[in-house]
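*Asks:* The structure's right below; bear with me while I get my questions together.
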Amino acid sequence: MFRLIVLCLFCISVQSFADELGPDCSLPESLCQLEKEFEASDAELNRVYKDIMHRIKVGELPKRALVDASDLKQSLTISQRSWLKFKEKNCDAFYVLNSGGMQRNEARLECEIEMANDRTQYLKMWY
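Heads up: the sequence shown is residues -18 to -1, 1 to 109, going by mature numbering (1 follows the signal peptide of the UniProt record, and there is no 0).
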C-alpha cells in the first residue's frame, strides 16, 4: 500500500512539473528552452533562405551575381540540401561524443542552434 501511495505522489509531482513548463512542452525545462531557441534559429534560417530564393526569382540577385538566375537557384538549392545533411551528421557525431553524459540532448540542440545561426549568417553575408 505504501508503494502505491509513493507511486501516486510521484506521478502527481511529475505532472505538476510538466504543467509549470506550459502545455507546449513536456520535456525538462532546459530542453524546452533549447527547443524554443532552435525553432527560432531554424525559422530565421528558413526566412533568410526563402528571401534569397525570392530575390533570385524576381531577378534581383542575378544582376549582382553576374550569373543566370536558374543556375544560381539550382546551386543554392543543392548547397542548402548538402548543408542540411552535413548539419544532421555533424550533430549526430556531437551527440555520440556527449552520449555518456546526462546533457547529450541539450548538446545536440545546442549544436543544431549554433549551426543554424552560422548558416544564416553565411547566407546573409554572401547573398
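Backbone N, C-alpha and C define an ideal beta-carbon position, used for all residues, glycine too.
Thinking F76 and R90 are a contact (beta carbons under 8 Å), I'd like their distance in whole angstroms, please.
*Replies:* The pair is a contact, with the Cβ atoms about 7 Å apart (cut-off 8 Å).
*Asks:* Under 7 Å from any heavy atom of the ligand GDP, does the C-beta of V49 make it?
*Replies:* Annotation note on the ligand GDP: not contained in the displayed structure, which lists no ligands.
*Asks:* Answer with buried or exposed for L79, where buried requires no fewer than 16 other C-beta atoms within 10 angstroms of its C-beta.
*Replies:* Exposed.
*Asks:* By the three-class DSSP mapping on this structure, what secondary structure does Q62 have?
*Replies:* Three-state result, Q62: helix.
*Asks:* Do you know offhand how far L43's Cα is from P10's?
*Replies:* Distance between the alpha carbons of L43 and P10: 44 Å.
*Asks:* In angstroms with no decimal places, state the Cα-to-Cα distance between R63 and E88.
*Replies:* Using only the alpha carbons, I get a separation of about 24 Å.
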